[in-house]
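Numbering-wise (this note's numbering), the sequence shown opens with residue 21 and increments by one.
Using N, Cα and C, we set each Cβ at its ideal position, and we do this for glycine too.
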Amino acid sequence: PDLLMKIAILDDDLTHTQLIEQALTGGSDDAWSTTLRCETFINSRKLLDALDQQSFDCVILDRKLPDISGDDLLQHIRTHSPSDTVVIIVSSLAGAEHSAALLAAGADDYITKPFHGAELYARVQRLLSRRIFSQNAAAEEVPNIFSLYDAHFDRIHLSITRLGVKTFFTGREFALAEFLFRHAEQPLSRAEIYSKVWHRPAVNTSRAVDTLIHRIRTKLQLEAQYGFVLQPIYGFGYRLNVLGSSS
Numbered sequence: 021p022d023l024l025m026k027i028a029i030l031d032d033d034l035t036h037t038q039l040i041e042q043a044l045t046g047g048s049d050d051a052w053s054t055t056l057r058c059e060t061f062i063n064s065r066k067l068l069d070a071l072d073q074q075s076f077d078c079v080i081l082d083r084k085l086p087d088i089s090g091d092d093l094l095q096h097i098r099t100h101s102p103s104d105t106v107v108i109i110v111s112s113l114a115g116a117e118h119s120a121a122l123l124a125a126g127a128d129d130y131i132t133k134p135f136h137g138a139e140l141y142a143r144v145q146r147l148l149s150r151r152i153f154s155q156n157a158a159a160e161e162v163p164n165i166f167s168l169y170d171a172h173f174d175r176i177h178l179s180i181t182r183l184g185v186k187t188f189f190t191g192r193e194f195a196l197a198e199f200l201f202r203h204a205e206q207p208l209s210r211a212e213i214y215s216k217v218w219h220r221p222a223v224n225t226s227r228a229v230d231t232l233i234h235r236i237r238t239k240l241q242l243e244a245q246y247g248f249v250l251q252p253i254y255g256f257g258y259r260l261n262v263l264g265s266s267s
C-alpha cells in the first residue's frame with residue numbers, strides 16, 4: 021500500500037489555501053514517493069481542533085491570522101505535536117529579521133507572499149523527503165551518512181558526493197541511487213526497482229523507471245570512464261556494473 025503524507029494548510033484567505041494546495045498536488049509525481057493528502061483550514065481554532073485529533077507530517081501556516089497568530093500556532097505545534105512535524109510559515113512580511121526569528125522559534129522554513137508555486141512545492145518536498153529518510157534510517161538503524169564504493173551518501177541533505185562533486189537529489193532519486201549501489205553487480209527488474217523506490221505495486225512501470233534511471237546515470241556520471249556502467253538488461257531491468265576505482 022502507498023504511504024500517506026498528510027499536510028495541513030492554514031490561511032484565512034480561501035484563495036491562498038487553494039493556491040498552496042494546487043502548488044503541492046500539481047507538481048511532478050516523480051518527486052513524491054507517497055500519497056499526498058492536503059487538509060485546508062481558514063481559521064486557527066479549527067486547525068487546533070484537528071491537531072488535537074490527529075498528527076500531520078507538515079503544517080503550512082499563514083502568519084497574520086485574525087484569531088490566533090501563526091507565531092503562536094508555531095509555539096503550540098512545537099510544544100504539543102511530534103518533534104519531526106515540518107512547519108513552514110507563509111507570510112507577506114519580508115525581511116531577514118522576520119525569517120530569522122521564526123526559524124529560531126522552530127519553523128523549518130519561511131516563504132514570503134507572493135510566492136511561486138514551484139518554489140513552495142520544491143521546499144515542501146525537500147523537507148518532507150529529509151523527514152522520511154531520517155525516519156527510515158532510525159527504524160532500520162541505518163546511518164544518515166554512509167559510503168558505498170566511491171559514493172558518499174547523506175540522507176539528511178539528500179546529497180551524494182562522487183568524483184569530488186556534491187549533487188542534490190529528490191527523495192525518489194536518492195532512494196534509487198542508494199538501491200542501485202547497495203545491489204551493484206546484481207540484475208534488478210523494473211518491477212523490483214519500482215516496488216522499492218515508489219513503495220507501490222509495479223504496474224506499467226517501464227517509463228517511470230527508465231526516466232529516473234536516466235537522471236541517476238547523468239547526475240552521478242555512471243559511465244565506463246568513471247568506473248561504473250548502468251547497464252540496461254533488455255526486457256528485464258538494469259544492473260550497475262562496477263569496473264574499478266574511479267579516483
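Residues in the same chain with beta-carbon distance under 8 Å from residue i, minus the five sequence neighbours each way, listed in chain order, please.
i: Glu205; result: Arg259, Leu260, Asn261, Val262
i: Ala125; result: Asp91, Leu94, Gln95, Arg98
Leaving out five residues on either side along the sequence, give the residues of the same chain with a beta carbon under 6 Å from the beta carbon of residue i.
i: Ser179; result: Lys186, Phe188
Within 10 angstroms of its Cβ, does residue i collect 16 or more other Cβ (buried), or is it exposed?
i: Phe76; result: buried
i: Arg175; result: buried
i: His100; result: exposed
i: Ser167; result: exposed
i: Asp82; result: buried
i: Gly46; result: exposed
i: Ala28; result: buried
What is the rounded straight-line gap between the Cα of residue i and the Cα of residue j?
i: Phe173; j: Thr190; result: 13 Å
i: Gly257; j: Pro102; result: 40 Å
i: Pro271; j: Asp33; result: The requested residue 271 does not occur in the structure, where the chain is confined to residues 21 to 267.
i: Ala228; j: Ser89; result: 42 Å
i: Gln42; j: Leu30; result: 14 Å
i: Thr132; j: Leu39; result: 14 Å
i: Asp134; j: Tyr141; result: In the sequence as presented, Asp is not what sits at residue 134; that position holds Pro. Their Cα atoms are separated by approximately 14 Å.
i: Leu85; j: Gly137; result: 21 Å
i: Thr37; j: Ala211; result: 37 Å
i: Ala121; j: Ile165; result: 30 Å
Do residue i and residue j have their C-beta atoms within less than 7 Å of each other?
i: Asp87; j: Ser111; result: no
i: Val107; j: Leu94; result: yes
i: Leu113; j: Arg182; result: no
i: Leu232; j: Leu196; result: yes
i: Val217; j: Arg237; result: no
i: Ala68; j: Met25; result: Per the sequence shown, the amino acid found at residue 68 is Leu instead of Ala. Not closer than 7 Å, so no.
Beta-carbon within less than 7 Å of residue i's beta-carbon, same chain only, minus the 5 sequence neighbours each way: which residues are those?
i: Val144; result: Leu44, Cys78, Ile108
i: Ser128; result: This sequence places Asp at residue 128; Ser is not what is there. For Asp128, where only same-chain residues beyond five positions count, the Cβ hits under 7 Å are Val106, Val107, Ile108, Leu147.
i: Ile253; result: Pro207, Arg259
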